[in-house]
Ligand code: SAH
């Protein structure tokens, strides 16, 4: 695996020269091809509740945002989305919601159990910070993976933008370790360009991806939401002059590329937030610099707009069937393949580099 020093990571994070950046992206793309191959996995996203009891300073779902109409999908609606995932050929559904205490552990477990019994889908949960007992119950019910971004590895910044639920509330990094113990595949991740985030913080995020040996790594630009303290400028975490990172497409792509180089076998999505800041090309850009996963939205269109983590989300009015068509078209236009099956980490390794091999790879295989 590529060794890359701390100094080099910081240099890459500050790099602006387009020809040097092309080298970084090409490197990441080679690592991607070698370790996870050309398949791009589709994970159908079901945003099933926008209720949230937390006060995260960056997120539009925060409880104090009274301008948002809240919704909670019924069991039947969620199961309908799972059936649609199967008919659209997806291997995984991601059930995501705000931290909504009305979603009882038993109710979630029942839904997970139904999906696992009735469909071949892998189930990923992304429900924020829940108790160890709840996480264990869902694992027993058959949940395969859990997504919990730690947002930033900088503890001071994290505490400033992510108030604890209670004084002894859990730490997301500790929870990721707990999830691993329970046998989940674990996904972490960060936002890029958070006010108060320095280049050193981003380098720390990359180190943390490795230290946790994450199975999935989600990296998206921070997008200001005007109804939040961070997005309105009311909260301004301090940062040394010249050290503030930005939430640009370039900075996000550098982080995706470095994450791929440092964590070659991880599943890395090209995120909706990246597609939001560059509606024409963002999704493809991520796939060209190391990503191997996309998350088409399965949330019924009438709820989509209400799951407003940040404003002007990409594909907000697109029906699930259209989302599917569009993403498949983008994947094919890049000369890549649509993955089949659950697409767990490690699954692709035996095929990596052998899917549609180039002539030089064929020679190597034959030799
Ligand atoms: N409640 C769950 C899942 C919903 S939020 C949880 O907290 O894990 C999903 C992700 O959206 C967050 O982890 C965060 O990384 C991202 N997000 C929230 N607000 C954002 C913003 N303003 N800009 C970009 N991404 C944001």
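In the numbering used here, the protein residues as written are 683 to 1049. Each residue gets a CB set at the ideal place from its N, CA and C atoms; glycine is no exception.
Of the residues 1008, 748, 856 and 705, the one whose Cα lies closest to the Cα of residue 976 is 1008. At least one heavy atom of the ligand SAH falls within 8 angstroms of the beta-carbon of residue 736. When the Cα atoms are used, residue 807 and residue 742 turn out to be separated by approximately 20 angstroms.
Where residue 727 is concerned, the enclosing beta strand (DSSP E) starts and stops at 721–731. Distances from the CB of residue 1007 to the heavy atoms of the ligand SAH are all 8 angstroms or more. For residue 992, there is no enclosing alpha helix (DSSP H), as DSSP gives it neither H nor E.
A check of alpha carbon separations from residue 781 across 792, 771, 752 and 797 identifies 752 as the nearest. Taking 9 angstroms as the cut-off, the beta carbon of residue 905 is found closer than this to the beta carbon of residue 955. Distances from the CB of residue 733 to the heavy atoms of the ligand SAH are all 8 angstroms or more.
When Cβ pairs closer than 8 angstroms are counted between the two stretches, the region 962–969 is seen not to touch the region 729–745, the count staying below three. A distance below 7 angstroms between beta-carbons, with the five flanking residues on each side excluded, links residue 1028 to the following residues of its chain, in chain order: 947.
If you look at residue 873, you'll find it in the beta strand (DSSP E) that goes 867–874. Counting the other Cβ atoms within 10 Å of the Cβ of residue 971 gives 16 or more, which makes it buried. In the DSSP assignment, residue 900 falls within the beta strand (DSSP E) that extends over 898–903. Taking the CA atoms as reference points, residue 869 sits about 24 angstroms from residue 907. Looking at the DSSP output, residue 692 sits in no beta bridge, so it has no partner there. Relative to the non-hydrogen atoms of the ligand SAH, the Cβ of residue 790 never comes closer than 8 angstroms to any of them. Within the model, the alpha-carbon separation for residue 974 versus residue 771 is close to 17 angstroms. Residue 991 has its Cβ nearer than 8 angstroms to a heavy atom of the ligand SAH. Contact between residue 695 and residue 944 is ruled out by a C-beta separation of about 13 angstroms, above the 8 angstroms threshold. Of the residues assessed, residue 1016 falls on the exposed side of the cut-off, its CB having fewer than 16 other CB atoms within 10 angstroms. The three-state secondary structure of residue 951, taken from DSSP, is strand. Residue 978 holds the alpha-carbon nearest to the alpha-carbon of residue 777 among 978, 691 and 718. Note that the C-beta distance between residue 804 and residue 1026 is below 9 angstroms. By DSSP's assignment, residue 833 forms a beta bridge with 872. Here the distance from the Cβ of residue 986 to the nearest heavy atom of the ligand SAH is not below 8 angstroms. With 16 or more neighbouring CB atoms inside 10 Å of its own CB, residue 744 falls in the buried class. Taking 8 angstroms as the cut-off, the C-beta of residue 863 does not count as close to any heavy atom of the ligand SAH. Cβ neighbours of residue 911 within its own chain (closer than 7 angstroms, five residues either side excluded): 739 and 917.
Going by DSSP, residue 774 is part of the beta strand (DSSP E) stretching over 774–779. For residue 701, the enclosing alpha helix (DSSP H) covers residues 700–718.
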